[in-house]
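Heads up: the sequence shown is residues -19 to -1, 1 to 84, going by mature numbering (1 follows the signal peptide of the UniProt record, and there is no 0).
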Amino acid sequence: MLTAVTAAAVAIPVLPAAAADVAPAQPKLRIACHTNWKTSTSANVWCDGHGPARYGASIQCKKGSAVRQLNYGPGPWLGDRRGISMYCPGGGYKRVKQWGWPA
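Quick look at the structure:
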């Protein structure tokens, strides 16, 4: 039979619930992205690397003072040079810039 002292000595430590729910910090992935092609209203971007990590891409479009950013992703694996094709909305929006990001 275990006494209170023996039971306390063999107790298994348990993390508090708050500590168990905390995810470990993820390192920021730095990647280089490139533009395959661009027009006044669209663009295609791809990012260096190797799968299975994926990338996404964004395009910023402007019509007068109205600015819209459209985000596409997650897309293909890093290193897939087919890229992500992005398009500005109709109605006179023009491409301002485009970029890729790790998904």
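Note that beta-carbon positions come from the ideal geometry of N, C-alpha and C, so glycine has one too. As the structure is a computational prediction, the values presented were derived from the model and not from experiment.
Of the residues assessed, V26 falls on the buried side of the cut-off, its CB having 16 or more other CB atoms within 10 angstroms. A residue is called buried when at least 16 other Cβ atoms come within 10 angstroms of its Cβ; G37 meets this threshold and is buried. Looking at the DSSP output, T16 bridges to V26. Within the DSSP bridge table, the entry for G81 names A38 as partners. Secondary structure at L59: coil, using DSSP grouped into helix, strand and coil.
Excluding the 5 residues flanking it on each side, G72 has same chain C-beta neighbours closer than 8 Å at K44, in chain order. Beta-bridge annotation (DSSP): S66 is paired with N25. The bridge partners DSSP lists for Y53 are A38. Excluding sequence positions up to five before and after G64, its CB lies within less than 7 Å of the CB of N17, N25, V26, W27, all in the same chain and listed in chain order.
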